Every structure is written in C-alpha cells, then in structure tokens.
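A.B. asks: There's a structure below that I have some questions on.
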Ligand code: SF4
Ligand SMILES: [Cu+2]
C-alpha cells in the first residue's frame, strides 16, 4: 500500500514537472548557440527537393541556392514567408537569418505538374522547441491521467 | 438515450442534452418537405459544376481546377473539421448522390407517395450489413489518391462511380442500401459521427411504446419510413443515421428531436441492436493508418515515396499498394492487439474474452483518429486554401472572374504557426481518447481494480500514437 502511494506520488510529480517545464518552455525563447553562416545548394525536380531536409541552428545566416533540374520550380518557406524561384538554367537564391525555431515546410511556388501542391521539403531550425514542448505536455497529461485513475 | 452515471473526465455529465427542435420555427422548418430537399438541390447544382470542371480539366494539374479544389480541399476539410465532429452526418442530409435513386424509388419528386416503394427492393445480405464492404472499398479507393486528388479526370471518375453506383444499387436494393453499406464516404462519417455533438433521437419512450404501427419506421402521409432502415424510436448511435429528417415528419407526436450533446457519447453504447464490432474497430484502424501514410506521401518531403504513390513505375506503385494495405489492415491492428493483450493480462481478469477487450478499446481510436485527421486537414487547408478563392471565380479556367478573386496568387495562411495548431488539436483529442478509454475500461472489466490495471496499457498505446503524430506534424 505504502509502496503504491510512493509510486503514485512520484508519477504525479513527474507529470506535473513535465507540464511545468513545457509551460516554461513556451514562455522563454530558446537561446541560440553561436550563429554561423550556412550555405545549401538545393536541387529541385518534379516533385522533390534534394536535399529534402535542411538542418540549421537558430540564429544561423542561411543561404539557399535553388537549382532546377527540369522545369521551373519555386521555394517558399512557411513561417519566414520568403521565396525564390529557379528556372532551367537560371538559379534562385534566398538568404535569411533563421531566427524562428521549429520545423517549417518549404513549398514549391510554381505549378510544375500534377503533384505540385505536394512538392515540399523541411527546414529544421534547432532547437525544435515545439516538438519537446508538446511531447512533454502529452507525457504530462498521460502521467497525470494515470495517477487520477489509479489513486 | 442511454442513462449513464459515468462522467467524462469526472465532470462532464454525459446525459446532458439541449434540444434544438424545442424551438417551434426550427421544428417547423425541419418538418417541411423542402428540408432537406432545397439544400440537396443547391448542392446538386454545385456538383454539376464540379463534374463539368473535373471533366473538362482532364489531365491538367489540379491546383487550378474547381472540381479538385472544392472536393479535396473544401469538402474533405469541411467534413473532417466541422461537419462530422460538429453535426454528425449532416453531409448525408444534404448529399446529392442518392437523390436520383430516392426519386426513382418514390416516383415522386417532392411529396409523399404512401405504400410500397418502387425498384426491386431486395434486402441487403445480413452478413454484409456492417462496415466491412466499406472498409475494403475505402481502402481500395485510397490506392488511387495519388491520382484522384491531383488529376481532375480522376476525381470525375470517382464521383461518377459514386453517383451511378448510388442509382443502380437503389434500383436493385431497398431504400438507402448504398448509403448504409457501400458509399466510400459513408464509413468514416458513420464511425466518427459517434463522436459528434449533435444527434437525432426520440424523446419519450412511453409515447413510442404505445404508438402502433410506429410511423417513423413504416412511414405515413407526411413522410417515408426511415430510409436508412433504422428504428428511430429506439436507436442510440449516430453511426447509421443519415439525418434525412423523415422521422421528424412522420412522428405525429413530435417525439423525435435533434439534440446538442457532449461529444463522444455514442462510444459508450453497446446494445443488442447496435453492438460494438470488429468492423467498426477495423474502420478505426484503417482511418488511423491512412492518416499516417497520407501524411508521409502528401505532406512529407520524401520524393521516392511520392513517386511510388503516383505510379511512376509499376513495381513502385504495387509496392505502395502492398505497404499501404498491410500497414492498415495488419500492422496497426497488430500493434493495438499487443496492447489489448497486455491490458487483459495486467487486469488479471480471466472471464472477458480477449476479443471484446480488443474491440471495445478500439473505440478510443475514434476521438484519436478524428483529431489526427483534423491535424492533417489543417496541413492542407492553411497552405492551399487560397486556391479555392481563385477557382470560385473561374471554375472552368476559361478566364472568368465571377467574384473578382481570379487573380489572387497562391498565399499560404498562418503556416508559420501551423505546428502549434496541430499540436493543440492533438492534445485535445488525446484527452478525449484517454477520458473515454477509462470509461470503456470500466465497462469492459467488471470491477474497478481490474479496470485500473487494464487501462494502463491502453493509455500507453494512446500516448505513443499521439507522440507518433506529433513527430509527423512538428518533428
Ligand atoms: S452515405 Fe454517401 S451517398 Fe449516402 S448520403 Fe452519405 S455521402 Fe451521400
Ligand atoms: Cu515544383
């Protein structure tokens, strides 16, 4: 009986801690590592980008050179709301400071064929605080529900 | 309705109802034969344009096609985010697809012809009177999603098959057999409408008990007997109620009502006439699995998978079909089975069959699945919703500009905070799944001690699946 109580209290504390840390995480902006200059050459062809995922750290100064391998394509970055386009033989470039953290989808902006709306890639700006904030919330809710049920 | 003393999250009274039809004008409108005929006719007009646009669009890219955009962005997203969770099968109320078979069976466009309905009126086999045919039909339909959602002509073919199918089946089989057991859009609406915040139910059983013959079932001069073959005087689950409103017209005592209710009440219903079943469980698995596969294919960055889904090479396409089928029909249920097994083991209960543990807990995947589909839909609507404004002004791409919106460029909206929206939706529906999971545990296991222990593996499963979707959406 005693042991069960201790386990339950531990679970409740852990669950509450998860939720608390998540809430603090929402309130405080993540602090960046020392920013660097980053360069990526992204090749676009129907209906994919290579590389399909771009990994940077918050604060990095990012330059993307967009090269088309077949027809015209574009690249629009969610959240940053900036874009460029590349045509066969004519590259596009995009430079920005990755100040917003999280995963942002980048999308083709030029209708390049039937799968055009699905032509996307990911820009990962570390630390991905959204992921761990929500993960902590979910685990916190789970632990607290377990305690409420088991008590 | 069933009386339950259980409260959701320990606070929400699941017997709470607010009758919308207690307001006289509301009831009067719903009792008119113009309802739902008028919205159906308007909708029919919309679908004529959709069909025309989809046909003339042919093989062109779908993002500037009225048919593609209205069906796959507006309609699909509305269904998942509003109609089903909010209003149950309100889509079916206004659906134009089966109107031709209704007219043919009734030989009336508007008023009521008493007596037998026309057509062969065969009974659908009892063995197939469940979701299995729709489960398979829906899964097979998704094999073609890489074409249907992007090529206008493929959407035309899909809609054509549904409309002709509804008509032909209506000539051969009785009433709304097509809607009940065949329509590809029916299964998930039926399943997820169990979570809906609206219901059609009888009010007072004492009145029904003494009413013979029961006109809601057999019909009278005011309306037809339930076209969906329900017994309006006692059904308790939204699943197969198409909200056609006939029973509001045929009940001489105004004893049928439309109620607002707490979401998810039907998940606790398990009666002889409306038992929980493996067919609905599999529907829940399939819907969950399809959400994962669709996310990977359409919102993920992996080009090789897109190439498989859109059939660049035959082996690749067959590989997608094989993976999709095995994943949805076997792997998801298989993983769930492990947790159901653990639940039974941990509970220490030896009487409850493993099958009912498995089936009953699968109903937690109804709120879960609805949540992940909402998250998925947000990922379609926010980036691509602006296309809708465009095609509304120029439905046939003939250079029209009906509403002055034809030149609006493609504009993603709020996609920067999309991850937060999706994460929030996930948490809310995770909470519903957990809340109902606990109530289901108490139904499954006779005593509370067993329920507590048996609940833990299910809670673990729900947590893990939520984390999987969180990773998909924002990871
Ligand atoms: S079941 Fe299908 S055809 Fe029937 S009303 Fe609903 S959506 Fe329309
Ligand atoms: Cu492109």
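Chains as they are written, first to last, in the numbering used here: chain A, 1 to 151; chain B, 1001 to 1475. We put the beta carbon where it would ideally sit given N, CA and C, even for glycine. Remember, it's a predicted structure, so these values are computed and weren't measured experimentally.
1) Please state the DSSP three-state secondary structure of residue 1056 (chain B).
2) When you compare only the Cα positions, how much space is there between residue 1029 (chain B) and residue 109 (chain A)?
3) Does the stretch 1121-1136 of chain B come close enough to the stretch 1275-1282 of chain B that 3 or more CB-CB pairs lie under 8 Å?
4) I'd like the list of long-range same chain contacts for residue 1073 (chain B), defined as Cβ closer than 8 Å, with 5 residues on each side in sequence excluded.
5) Of the residues that make up the stretch 1392-1423 of chain B, which ones have a beta carbon closer than 8 Å to any beta carbon in chain A?
6) Just to make sure I have the definition right: I need the residues of chain B whose C-beta is within less than 9 Å of the C-beta of residue 48 (chain A). Which are they?
7) Within 7 Å: the Cβ of residue 1413 (chain B) and any heavy atom of ligand 2?
8) In or out: residue 1273 (chain B) buried (at least 16 other Cβ within 10 Å) or exposed?
9) Report back the beta-carbon spacing between residue 1429 (chain B) and residue 1367 (chain B) to the nearest angstrom; my notes put them in contact at under 8 Å.
10) Name the chain A residues whose beta carbon is nearer than 7 Å to that of residue 1454 (chain B)?
11) Could you tell me if the beta carbon of residue 1310 (chain B) falls within a distance shorter than 7 Å of some heavy atom in ligand 2?
12) Just to check, is the beta-carbon of residue 110 (chain A) closer than 7 Å to a non-hydrogen atom of ligand 2?
13) Would the beta-carbon of residue 106 (chain A) be found less than 7 Å away from any heavy atom of ligand 2?
14) Can you tell which of A:5, A:15, A:100 and A:2 has the C-alpha that lies nearest to the C-alpha of residue 144 (chain A)?
15) Give me the chain A residues within the contact set of residue 1470 (chain B), using Cβ-Cβ distance strictly less than 8 Å, ordered along the chain.
16) Between A:80, A:50, A:99 and A:73, which lies nearest to residue 61 (chain A) when the distance is taken from Cα to Cα?
17) If you measure between the beta carbons of residue 1084 (chain B) and residue 1240 (chain B), is that distance less than 8 Å?
18) Any contact of the stretch 1230-1240 of chain B with the stretch 1207-1221 of chain B, i.e. 3+ C-beta pairs under 8 Å?
19) For residue 92 (chain A), report the span of its beta strand (DSSP E) as first-last.
20) For residue 118 (chain A), count neighbouring Cβ atoms within 10 angstroms of its own Cβ and tell me buried if that reaches 16, exposed if not.
21) What is the DSSP secondary structure of residue 1415 (chain B), reduced to helix, strand or coil?
22) Rounded to the nearest angstrom, what separates residue 1433 (chain B) and residue 95 (chain A) at their Cα positions?
23) Nearest to residue 1079 (chain B) by alpha carbon, out of B:1091, B:1069, B:1068 and B:1418?
24) Within its chain, find whatever has a CB closer than 8 Å to the CB of residue 1482 (chain B); leave out the 5 residues flanking it on each side and keep chain order.
25) Anything in chain A within Cβ reach of residue 1434 (chain B), meaning under 8 Å, just list it in chain order.
26) Tell me residue 1013 (chain B)'s beta-bridge partners as DSSP assigns them.
27) Verify the contact flag: residue 116 (chain A), CB atom, against every heavy atom of ligand 2, threshold strictly below 7 Å.
28) What are the partner residues of residue 77 (chain A), as DSSP defines its beta bridges?
29) Once you ignore the five residues that flank residue 1283 (chain B) on each side, which residues in its own chain have a CB closer than 6 Å to its CB?
30) Can you tell me where the alpha helix (DSSP H) holding residue 1376 (chain B) begins and where it ends?
31) Name the chain B residues that come within less than 8 Å of residue 167 (chain A), Cβ to Cβ?
32) Please classify residue 1018 (chain B): does DSSP put it in a helix, a strand, or coil?
33) Quick one: what's got a C-beta closer than 8 Å to residue 47 (chain A)'s C-beta in the same chain, skipping five residues either side?
34) Can you confirm whether residue 1384 (chain B), when its beta carbon is compared against all beta carbons of chain A, has any partner nearer than 8 Å?
35) Return the bridge partner residues of residue 1219 (chain B) from the DSSP annotation.
36) Does the beta carbon of residue 1061 (chain B) fall short of 7 Å from some heavy atom of ligand 4?
C.D. replies: So, from the listed chains and residues:
1) The residue labelled residue 1056 (chain B) in the question sits at position 56 within the second chain. Looking at residue 1056 (chain B) - three-state DSSP - the assignment turns out to be helix.
2) Here residue 1029 (chain B) corresponds to residue number 29 of the second chain, with the count starting at 1. Here residue 109 (chain A) corresponds to residue number 109 of the first chain, with the count starting at 1. Between the alpha carbons of residue 1029 (chain B) and residue 109 (chain A) lies a distance of about 47 Å.
3) Short answer: they touch.
4) The residue you call residue 1073 (chain B) lines up with position 73 of the second chain. If we look at residue 1073 (chain B) and ignore the five residues flanking it on each side, its Cβ neighbours are 1380, 1381, 1384, 1385, 1387 and 1388.
5) The residues in question are 1410, 1412, 1415, 1416, 1417, 1418, 1419, 1420 and 1423.
6) Within the first chain, numbered from 1, the residue matching residue 48 (chain A) stands at position 48. Among the residues of chain B, those whose CB is under 9 Å from the CB of residue 48 (chain A) are 1301, 1302, 1303, 1304, 1306 and 1307, following chain order.
7) As a position in the second chain, residue 1413 (chain B) is number 413, starting the count at 1. Residue 1413 (chain B) Cβ: outside cutoff for every heavy atom of ligand 2.
8) Counting from one through the second chain, the residue named residue 1273 (chain B) turns up at place 273. By the 10 Å Cβ count, residue 1273 (chain B) comes out exposed.
9) Within the second chain, the letter at position 429 stands for residue 1429 (chain B). Within the second chain, the letter at position 367 stands for residue 1367 (chain B). Indeed they touch by this definition, with Cβ atoms about 5 Å apart.
10) Numbered from 1 along the second chain, position 454 holds the residue referred to as residue 1454 (chain B). Result: empty, since nearest Cβ-Cβ is about 11 Å, beyond 7 Å.
11) Within the second chain, numbered from 1, the residue matching residue 1310 (chain B) stands at position 310. No, the beta carbon of residue 1310 (chain B) sits no closer than 7 Å to any heavy atom of ligand 2.
12) Position 110 of the first chain, counted from the first residue, corresponds to residue 110 (chain A). Answer for residue 110 (chain A): yes, Cβ within range of ligand 2.
13) On the first chain, residue 106 (chain A) is found 106 positions in, with the first residue counted as 1. The closest heavy atom of ligand 2 lies 7 Å or more from the beta carbon of residue 106 (chain A).
14) As a first step, residue 144 (chain A) must be located in the first chain, where it is residue number 144. Out of A:5, A:15, A:100 and A:2, A:15 has the C-alpha closest to the C-alpha of residue 144 (chain A).
15) Counted from its first residue, the second chain places residue 1470 (chain B) at position 470. Ordered by position in chain A, the residues that pass the 8 Å Cβ test against residue 1470 (chain B) are 131, 134, 135 and 138.
16) Taking the first residue of the first chain as position 1, residue 61 (chain A) is located at position 61. It is A:99.
17) As a working mapping, residue 1084 (chain B) is identified with position 84 in the second chain. As a working mapping, residue 1240 (chain B) is identified with position 240 in the second chain. The answer is no: Cβ separation not under 8 Å.
18) Result yes; three or more Cβ-Cβ pairs closer than 8 Å.
19) Residue numbering aside, residue 92 (chain A) sits at position 92 when the first chain is read from its first letter. Residue 92 (chain A): member of the beta strand (DSSP E) spanning 92-97, first to last residue.
20) In the first chain, counting from the first residue as 1, residue 118 (chain A) sits at position 118. Buried, because 16 or more other Cβ atoms sit within 10 Å of the Cβ of residue 118 (chain A).
21) As a working mapping, residue 1415 (chain B) is identified with position 415 in the second chain. Of the three classes helix, strand and coil, the one that applies to residue 1415 (chain B) here is helix, per DSSP.
22) Against the second chain, residue 1433 (chain B) aligns to sequence position 433. Against the first chain, residue 95 (chain A) aligns to sequence position 95. In a straight line, the C-alpha of residue 1433 (chain B) is about 44 Å away from that of residue 95 (chain A).
23) Position 79 of the second chain, counted from the start, is the residue given in the question as residue 1079 (chain B). It is B:1091.
24) Any question about residue 1482 (chain B) goes unanswered here, given that chain B covers just 1001 to 1475.
25) Your numbering for residue 1434 (chain B) matches position 434 in the second chain. Residues of chain A passing the Cβ test: 141, 142 and 145.
26) Position 13 of the second chain, counted from the first residue, corresponds to residue 1013 (chain B). Under DSSP, residue 1013 (chain B) forms a beta bridge with B:1007.
27) Here residue 116 (chain A) refers to the residue found at position 116 when the first chain is read from its first residue. Result yes, Cβ under 7 Å from ligand 2.
28) Locating residue 77 (chain A) in the first chain gives position 77, where the first residue counts as 1. In the DSSP output, where bridge partners are listed per residue, residue 77 (chain A) has A:82 and A:106.
29) In the second chain, the residue the question calls residue 1283 (chain B) occupies position 283. Cβ neighbours of residue 1283 (chain B) beyond the five flanking positions: 1131, 1135, 1187 and 1191.
30) Walking along the second chain from the start, residue 1376 (chain B) turns up at place 376. Its alpha helix (DSSP H) spans residues 1365-1384.
31) With chain A covering 1 to 151 only, the question about residue 167 (chain A) has no answer from this structure.
32) As a first step, residue 1018 (chain B) must be located in the second chain, where it is residue number 18. Three-state result, residue 1018 (chain B): strand.
33) One-based indexing of the first chain puts residue 47 (chain A) at position 47. So the list reads 108, 112, 113, 115, 116, 118 and 119, once near-sequence residues are dropped.
34) For this step, residue 1384 (chain B) is matched to residue 384 along the second chain. Chain A, which has a Cβ nearer than 8 Å to the Cβ of residue 1384 (chain B), makes this yes.
35) Residue numbering aside, residue 1219 (chain B) sits at position 219 when the second chain is read from its first letter. Within the DSSP secondary-structure output, residue 1219 (chain B) pairs in a beta bridge with B:1224.
36) Absence of ligand 4 is noted for the structure shown, with ligand 1 and ligand 2 being the only ligands found.
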